[in-house]
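Heads up: the sequence shown begins at 1 in full-length UniProt numbering, then just goes up one per residue.
C-beta: ideal position from N, C-alpha, C; glycine also.
Values in this document were obtained by computation on a predicted structure and should not be read as measured data.
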Amino acid sequence: MSIKAKLSLYISFLVAIILFLNISITYFSTKSGLEEQALQQTEIIAKQVGASVKSSWRARQFMEEQIGEKLRAAAVAAEAQLDPDIANVTNAQLVALSRKLEVDGITLWKKTDDDIVVQKSSESKEIGLGSKTMDYWYTAFQQLFALKPVTVVQGQKLTHYWSGPINFSTSDPSKINKWGSYYDGSTNYMINPFVHVEVFMDFEKSIGTEGIIAQLLKDNPDILEIAGFDPEFFGKNPIIKIKQGKPVYNLDVRDLKFGHYIYRDVPADKAVIDEAVQTGRMITKSADRNGKRLLKSFIPIAADKNYVIGVSFDRNVIRETLVHQLLVHSFIGLGLLVATVFASYFLAGFLIRPLHQILRKVNAVAGGRFGTSLPIRSKDELGLLASRVNTMSSNLHSYTTRLKDAAEELRSTKQYLESFVNQTSDAIHVADLNGRLMQVNNAFEKMYGWRTEEALGSALHNIPEDLQPEFARILGTVMDGGAVADYETVRYRKDGAPIDVSMTISSIRDEEGAIVAIASISRNITARKQTEEVLRRSEKLSMVGQLAAGVAHEIRNPLTTLRGFVQLQMQTGRSSPQQLQVMLSELDRINLIVSEFLIFSKPQAVHYQLVDVRRIMQETISLIESHALLSNVQIELRTDEDIPPLNCEPNQLKQVFLNVLKNGMEAMPEGGRLQIDIAGEPRLDRVAIRICDDGCGIPEQELGRLGEPFYTSKEAGHGLGLMVSQQILANHKGSIRYESEVGRGTCVEIRLPAYADGLRTPQLPAG
């Protein structure tokens with residue numbers, strides 16, 4: 001596809017997106033506006049119905065109170081004309097008295113042992129009715145007979161009088177009556193006049209709430225239903241009573257007070273109605289009932305009690321409006337899009353003419369022709385592009401020339417490096433992450449015995465078995481980004497002969513920094529090791545000579561003392577007990593020096609085992625604890641929770657710890673604190689023991705002489721203790737370090753290798 005077609009397509013696509021966004025935004029904003037308008041409409045209708053309900057309730061309440069007062073007056077008048085004993089009153093009297101007092105009937109109630117029943121009435125059907133099953137009516141009757149104020153919520157309450165709400169007649173369910181009950185104690189019966197009030201229902205249907213709702217539904221066809229709910233009874237089973245064999249749904253317990261509830265969804269609407277009552281605000285929800293998409297709004301109002309007005313709006317009206325608007329906008333947008341396609345196609349052809357010239361120039365540069373320059377006719381982006389293409393052509397010509405020179409230099413450098421790698425005496429080999437060799441040099445063939453074709457692509461198996469765990473740890477260090485230099489170890493040649501080598505191991509990374517190979521440089525140090533062994537033996541002989549001279553010097557002093565005492569005895573022929581005691585102490589001193597010398601010069605039989613260094617230290621502390629108490633020395637031991645075990649000879653380590661602890665205590669003749677810290681060093685596979693005292697300290701110039709045979713700062717010491725301790729630690733592959741400051745104390749730090757499965761057990765050197 002040409003740039004001209006692409007540019008036209010892109011412009012058309014952009015316009016299509018803009019039109020689509022415009023239509024979408026218009027659609028959703030209109031939808032939101034229509035829904036908001038519908039909500040406002042339902043709220044206005046609900047408020048109008050609510051105002052009608054309140055007005056109707058006030059009018060109805062006023063009329064009911066007027067009728068109630070009329071019924072009370074009729075009851076008082078009837079009491080004046082009737083005998084106080086119900087036995088002397090006839091039903092005919094009640095019929096005549098009803099016409100006289102202009103009421104529709106009079107009923108006389110009498111209290112029995114367990115009920116209040118009708119005994120005389122102008123309506124024969126009323127006689128024999130009981131009130132025990134009439135809920136709050138029975139409660140009101142009992143309070144009247146007890147001459148107490150009526151406390152039930154419903155109805156009109158006056159002195160000795162109560163008028164219940166309008167309801168269906170029990171004796172004739174086809175009639176709706178208003179009753180008034182009067183009892184002041186002057187008769188043995190309660191007078192209950194009543195009137196028919198069907199006119200109230202006609203009022204409601206014509207000009208009351210029902211009439212207003214009917215008119216609203218007629219004026220707003222998008223409103224499908226309006227209903228008034230009583231939250232107290234909505235969602236509960238209807239209270240239906242059987243009166244004269246007919247089921248009657250009393251007016252005061254109905255869940256639907258006015259309007260119509262056609263689109264029923266009782267469980268869901270019950271929850272929303274309860275929420276509206278609790279929050280006191282309008283709640284709106286969407287629903288699909290009876291094939292209609294509804295927008296239901298529930299608005300709480302307060303009249304004689306709390307009601308909730310439900311208004312159901314037909315959402316299909318909104319949908320039809322939106323669909324019509326969407327169709328109109330879509331046709332308009334489609335026409336604009338077609339016009340944009342044709343206009344953008346011609347415009348793109350005019351814009352890309354300079355690009356063809358630039359393209360021809362770029363093709364020439366791609367073919368290696370850098371001479372011709374583009375003419376620049378404008379200062380816009382295309383003119384700037386032509387200028388940059390000319391600059392690029394000039395620079396490419398220069399860069400191409402320089403790259404040719406650099407390539408020639410790289411070839412020379414590569415030959416030099418290859419010659420250097422192949423001529424060096426150090427063996428170099430590169431292995432991938434699986435251990436297979438990728439590259440070796442000539443020194444590798446000479447040192448290890450494998451030819452290049454044998455080694456490449458295969459993995460070397462020239463590491464002694466006991467060194468493999470150690471090499472695995474080193475390899476892990478390299479894979480973590482580190483490097484290992486001057487690592488002295490042992491490797492096998494192809495013929496199986498071991499050689500001592502010093503290795504440098506590092507990683508090779510790709511352009512993204514990921515490790516792709518491992519490079520190893522090996523240097524044969526077998527000859528150097530042999531020379532070092534000769535020097536080591538020479539040093540041992542020199543040390544033996546020094547020790548022998550030292551022992552001779554140390555023994556000569558007590559021998560001189562013994563010789564003097566022996567000569568004295570030869571001259572005098574007798575010796576005092578004090579002189580014999582001095583001679584024994586000098587012999588003990590000689591014996592101690594010889595014993596320490598034997599420990600150093602001839603290793604004792606050792607048995608390495610896995611032990612917890614904390615247990616060894618605690619046993620050592622227990623040996624000197626009593627002496628510490630006598631010397632006023634406080635010993636503090638602090639250890640980590642996770643200390644790895646040591647593979648060692650426990651008695652020898654105990655001897656080292658005992659020497660160091662005794663030296664620390666002797667450095668504090670006035671008492672002090674001896675602090676011991678034991679911690680693990682997981683990264684170094686070691687355990688560190690640090691022992692610090694508060695003693696006098698050691699001068700810096702004397703720290704370097706610690707451990708020398710017969711060097712000591714103590715009057716009764718001979719300097720062999722630390723020397724023996726250093727020899728024991730060396731046999732355990734450990735180390736000892738001293739830190740001291742005169743006047744502040746001394747710290748001795750001992751480090752020992754932690755045990756790991758597969759590591760070699762340290763051995764004492766032979767000889």
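Report all residues from its chain with a CB closer than 7 Å to the CB of Ile273; omit the five preceding and five following residues, and keep chain order. Phe229, Pro231, Phe234, Phe298, Val308
Taking 8 Å as the cut-off, decide whether the C-beta atoms of Arg293 and Tyr161 are in contact. no
So Tyr755 packs on Val748, CB below 8 Å; how close in whole Å? Contact flag wrong, Cβ pair sits at about 23 Å.
Do Ala287 and Asp255 have their C-beta atoms closer together than 8 Å? no
Between which two residues does the beta strand (DSSP E) containing Glu749 stretch? 745-753
Could you give the residue range of the beta strand (DSSP E) that holds Phe145? From DSSP, Phe145 is part of no beta strand (DSSP E) but of the alpha helix (DSSP H) over 136-145.
Whether or not the segment 725-734 and the segment 664-677 are in contact is what I'm after, with contact meaning three or more pairs of Cβ atoms, one per stretch, closer than 8 Å; do they touch? no
Measure the alpha-carbon distance for Asp405 versus Met438 and round it to whole angstroms. 30 Å
Which residues in the same chain have their Cβ closer than 7 Å to the Cβ of Asp184, if we skip the five residues on either side of it in sequence? His160
If we ignore side chains and look at the alpha-carbon of each, how far apart do Asp380 and Leu337 end up? 29 Å
Is Pro498 buried or exposed, if buried means 16 or more other CB atoms sit within 10 Å of its CB? exposed
Among the candidates Pro300, Glu625, Ile736, whose CA atom is the shortest distance from the CA of Gly280? Pro300
Buried or exposed: where does Tyr10 fall if 16 or more other Cβ atoms within 10 Å of its Cβ makes it buried? exposed
In the DSSP assignment, find the alpha helix (DSSP H) that holds Asp219 and state where it starts and stops. 209-219
Can you find the residues in the same chain that come closer than 7 Å, C-beta to C-beta, to Gly767, ignoring five residues on each side of it along the sequence? Only weak support exists for where Gly767 lies, its pLDDT of 28 falling under 50; the value from the coordinates is given anyway. If we look at Gly767 and ignore the five residues flanking it on each side, it has no Cβ neighbours.
Reduced DSSP secondary structure (H/G/I, E/B, other) of Thr26: helix
Between the segment 108-119 and the segment 136-150, do three or more beta carbon pairs fall short of 8 Å? yes
Mapping DSSP to helix, strand and coil, what is Ser740? strand
Bridge-paired residues (DSSP) for His196: Asn177
Starting from the C-beta of Ile728, find all residues in its chain whose C-beta is less than 6 Å away, skip the five residues before and the five after it, and write them out in chain order. Gln652, Val656
Name the two residues that bound the continuous beta strand (DSSP E) containing Val153. Looking at the DSSP string, Val153 is not in any beta strand (DSSP E), and its letter there is neither H nor E.
Quick check on DSSP: helix, strand or coil for Phe233? coil
Validate contact between the segment 127-139 and the segment 24-39 using beta carbons, cut 8 Å, 3 pairs: no
Any contact of the segment 490-507 with the segment 407-415, i.e. 3+ C-beta pairs under 8 Å? no
Below 8 Å between beta carbons: does that hold for Arg491 and Asn462? yes
Can you name, in chain order, every residue of its own chain whose Cβ lies under 6 Å from the Cβ of residue 779, other than the five neighbours on each side? Any answer about residue 779 is impossible in this case: the structure gives the chain only from 1 up to 767.
Return helix, strand or coil for Ser12, following the three-state DSSP convention. helix
Kindly give me the distance between the Cβ atoms of Asn91 and Ser122, rounded to whole angstroms, as I take these residues to be in contact under 8 Å. 7 Å
Is Val103 helix, strand or coil by DSSP? coil
Please return the same chain residues whose Cβ sits closer than 6 Å to the Cβ of Ala427, not counting the five positions on each side in sequence. Ala443, Phe444, Met447, Ser522
Using CA coordinates, which residue listed in Asn395, Val277, Asn659 is at the minimum distance from Met723? Asn659
Which residue from Gln415, Tyr416, Leu456, Ile621 puts its Cα closest to that of Asn434? Leu456
Would you be able to state if there are at least three C-beta pairs under 8 Å between the segment 320-333 and the segment 26-35? yes
For Lys257, count the other beta carbons within 10 Å of its own beta carbon; 16 or more makes it buried, fewer makes it exposed. Which is it? buried
Could you give the distance in angstroms between the alpha-carbon of Val248 and the alpha-carbon of Val95? Note on Val248: pLDDT 45, under 50, position unreliable in the model; the coordinate value appears next. If I take the Cα positions, the gap works out to 27 Å.
Work out the CA separation of Met665 and Leu646 for me, nearest whole Å. 26 Å
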